[in-house]
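Since the structure comes first, as structure tokens, the remarks are kept for the end.
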Amino acid sequence: MKSSLYFDYIHTVDQSCTSNNPCVGAIPSRISRFDYGVRAENTNPLRTVTVRNSEFYDNTTVGSYFNNMHSFFFENNYMRTPGENCWAAAYLNECKNYTFKNNTLLQDYSVTQKVFAGVYAMSSAEGAHKIYRNTFSNFHVGIAPVGNNSGILNVDDGLLMNCNDFTQKQNDYDIGLVWQSTPPTPPTVMKVQGPTIIQNMTAQNIVRNKYAADCFGNENKWYLQGTNARNFIDYDHGCNGNPVSNPSACDDISLYVFPVAFAESPSDCPANIVQNGCTPPCLEPINLVLGGAIVQTNSLVNYYNSIIDGGNTQILLNAINSGMGEGEMKNLLLQYSPYLSDTVLSAYFNRTNWPLGHGVQIHNANKPVSIPVWQVILNRNPPSGILSQLNTNQNQNPTSVRSGLEQRLSLSKFNLQSLYSEKLNYFLTDSLPSSQDSVINILQSPNVNIPDADVLLVYAYINKGDYLAALNQVNKLPAKKSDWVPLLKLYIEAAKVPQKELSIFESSTGASLISDYAKSITGIAGQSSAKSLLKFLNGEDYIIEHPIPINDNANGRMAASQSELVNEDNIIATNNQIKLYPNPTNSGIYLSYESSAEKQAELLVTDLLGKVIINKTINGSSKIYIPLTEISSGLYLITILDNEKVIFKSKLIKYN
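To convert, note that position 205 of the sequence shown is 216 in our numbering; the numbers rise steadily by one, no gaps.
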């Protein structure tokens, strides 16, 4: 059997009750032995499917699959996968602001080969996405965030993974962040998984996961594929003193684990964070909490803006770029420490000849600085004595005073966004016509901080049938969202005349536009919507990536398989004399060729169509740097030939 398939359909899967089984003892819905237990494909992200109080048994591909859905709930479900070729109990593909909570996910305990994932979270980007209070058992990886689930520069929100239990039956990996292959995208989640400043901590806002994966110096409890993301981001993992809550012996070095001796209590992970005993969906408790969250967040934002650089960022930048004396400049910057922004710190340390002694003082007053600022300082190549002072200061404190304030602000913004999403869900799943106006009012609220609220407003007007307002909203979208415009205008045109909807989509113009969006390899905005539409119109499926962490025994480090599209290891033909790093890269690669000095080889870099991008001769016993800033992001092949014989072949991922 294929699946329970929903296209742009508002639906709830829930427990049932009969005269023989009243709702006090309701019978869970049971979905078993489909390819996909539930598959929801959305062109309109505001058409939500809710799944709760249901059981999924032995669905052979994915237990539940959601594509392009916003502000939905998946909660209180039991999901068992059969192993073998089943990719996941649940797969959330380009979904945003969801709540995935209180679910029990396991691979059949009788299956000894642990495969794939409990839940995949693919490319959610910015937003308040929650995987909360679930159990994951007997999988290869419990939670597998793939690609962009926050963004490298975003510190306000993203995927938050708290109160999850991996201890029932060990997974090979508890949490595994892996690359998306098309387009090549490094994995990210919310930077602040739990605060690491004592003043910000409560027993209810630290991470509270319980880890159990075996590890041998590897990253089996918190895995991050590759090394490049470490140049941009550290993750904050404040946790309680319970050893199972502390993954520090088995995590990536980018994860900063800060345990505090809180007494652990079940009340730290309540089943319903907002509802106060009400059985969802409930509106009144949300409104009660939302008002306080708005006041708190606005207060923190105002305080942050006033204290960072003293509210004088541009004045400080002008001073740095002026002819101000070095001593006067040092005193000016120290006046606003320890709350100097990365913008100001980078501008100061990016200068060619900043006085080393002054630099040590400014760094010490703002320690530890962020990874990007630290890299700018190291680019100066300070003398060993100065470098020793800088290193000592950088490693003295786990988190800067400024970072502590940013953690508070980040968690407050996430909470506010999550509350708005929960309120949005209430009206999206309500059948009253007035609820359509309520959705529009929420998205227009001056305090709403939901990413792409302006785009969602177009869909809200379409749902209401106000096509003129929808078109006007499209025309208001900023230039950076111009990718959305052709697709949204096509949707509006089709929705205006439902009896001609298919003919509009299937016209040469419509079909070409939908195909171009769906098959783009650059990650164009609206692509997930177009993929669902192409499947609806033509039954044309799209590639669903399901990469996993794997242990590369050749070098003791971690790698990741890619997907159905790229399902080999990066190294195709190995050669111990040749080393290539970093890979993936955003700038260039180093190639080390350890052979006899007189031996030469030919290096080729080609795209997937075979076009030669780089062709050069390399000598033995050499280490060369190959700049790649001029080539587009994507997947390339590196081949090294010795007398026309392939001695090394590797995939190279270039990203911008």
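Beta carbons are placed, not taken as given, at the ideal position from N, Cα and C, and that holds for glycine.
8 Å Cβ cutoff met for residue i and residue j
i: threonine 596; j: lysine 660; result: no
i: alanine 541; j: isoleucine 559; result: no
i: alanine 677; j: histidine 151; result: Here the chain comprises residues numbered 12 to 667, so residue 677 is not present and cannot be evaluated.
i: alanine 214; j: asparagine 251; result: yes
i: valine 380; j: leucine 356; result: yes
i: asparagine 78; j: arginine 63; result: no
i: glutamine 418; j: asparagine 211; result: yes
i: glutamate 105; j: lysine 546; result: no
i: aspartate 119; j: glycine 153; result: no
i: serine 611; j: asparagine 626; result: Reading the sequence as shown, one finds glutamine at residue 611 and not serine. Not a contact, by the Cβ cut-off of 8 Å.
i: serine 519; j: lysine 202; result: no
i: lysine 634; j: tyrosine 601; result: yes
i: isoleucine 38; j: phenylalanine 67; result: no
i: leucine 663; j: glycine 599; result: no
i: threonine 308; j: serine 423; result: yes
i: glycine 74; j: glycine 48; result: yes
i: asparagine 404; j: asparagine 375; result: yes
i: alanine 464; j: tyrosine 472; result: no
i: serine 411; j: lysine 378; result: yes
i: tyrosine 636; j: aspartate 618; result: no
i: serine 644; j: proline 366; result: no
i: valine 450; j: leucine 57; result: yes
i: threonine 207; j: proline 409; result: yes
i: isoleucine 651; j: glutamate 613; result: yes
Environment of residue i [buried if 16+ CB atoms lie within 10 Å]
i: glutamine 124; result: exposed
i: valine 623; result: exposed
i: aspartate 167; result: buried
i: glycine 205; result: buried
i: proline 277; result: exposed
i: serine 683; result: Residue 683 lies beyond the stretch modelled for the chain, which goes from 12 to 667, so this question has no answer here.
i: aspartate 245; result: buried
i: alanine 536; result: buried
i: glutamate 551; result: exposed
i: tyrosine 314; result: exposed
i: leucine 443; result: exposed
i: alanine 272; result: exposed
i: glutamate 230; result: buried
i: lysine 656; result: exposed
i: asparagine 474; result: buried
i: glycine 162; result: buried
i: glutamine 447; result: buried
Residues near residue i in its chain [Cβ-Cβ closer than 6 Å; skip 5 each side]
i: cysteine 174; result: Tyr143, Arg144, Arg219, Cys280
i: leucine 117; result: Arg91, Ser148, Asn149
i: asparagine 108; result: His81, Ser82, Gly138, Ala139, Ser432
i: leucine 301; result: Leu430
i: alanine 240; result: Because the pLDDT at alanine 240 is just 44, under 50, the model does not fix this residue reliably, and the point stays unresolved.
i: phenylalanine 18; result: Glu52, Phe547
i: asparagine 114; result: Asn88, Asn145
i: phenylalanine 360; result: Val387, Ile388
i: alanine 100; result: Gly74, Met90, Thr92, Leu116, Gly129
i: glycine 321; result: Tyr347
i: phenylalanine 111; result: Phe85, Ile142
Same chain, Cβ closer than 7 Å to residue i, five either side skipped, listed in chain order
i: valine 255; result: Thr178, Lys221, Tyr222, Ala223
i: valine 268; result: His248, Cys250, Asn257, Pro258, Ser259, Asp262
i: proline 156; result: Ala132, Leu170, Leu188, Pro198, Val200
i: glutamate 275; result: Asn251, Asn253
i: serine 531; result: Gln538
i: glycine 521; result: Leu501, Ile515
i: alanine 505; result: Glu512, Ile515, Phe516
Same chain, Cβ closer than 8 Å to residue i, five either side skipped, listed in chain order
i: threonine 59; result: Ile21, Met80, His81, Ser82, Phe83, Asn436, Leu439, Thr440
i: leucine 544; result: Thr54, Phe516, Ile525, Ala529
i: leucine 576; result: Low local confidence applies: a pLDDT of 30 at leucine 576 is under 50, so the model's placement there is unreliable, with the coordinate-based value given in what follows. Ser192, Thr193, Ile554, Glu556, listed in sequence order.
i: tryptophan 98; result: Thr72, Val73, Phe127, Ala128, Tyr131, Ile555, His557
Residue i CB to nearest heavy atom of the ligand FMN below 7 Å
i: glutamate 230; result: Among the components modelled here there is no ligand, and therefore nothing to report on the ligand FMN.
Tell me the start and end of each unbroken beta strand (DSSP E) in the segment 404-471 that is at least 3 residues and wholly inside, in chain order.
-> none
In the segment 328-359, which residue ranges form an unbroken alpha helix (DSSP H) of at least 4 residues, counting only runs that do not cross its ends?
-> Contiguous alpha helix (DSSP H) elements confined to the segment 328-359 occur at 337-346, taking only those with 4 or more residues.
Segments assigned beta strand (DSSP E), at least 3 residues, entirely inside the segment 203-269 | 203-205, 233-235, 246-251
Every unbroken alpha helix (DSSP H) inside the segment 97-123 [4 residues or more] = none
Counting Cβ pairs closer than 8 Å, one from the segment 485-492 and one from the segment 452-459, do we hit at least three?
-> Between the segment 485-492 and the segment 452-459 there are fewer than three inter-stretch CB-CB distances shorter than 8 Å, so the stretches are not counted as touching.
Note down, one range per segment and in chain order, each beta strand (DSSP E) of at least 3 residues found wholly within the segment 152-210.
-> 152-157, 169-173, 184-188, 203-205
Contiguous alpha helix (DSSP H) assignments of at least 4 residues, all confined to the segment 536-562 | 538-549
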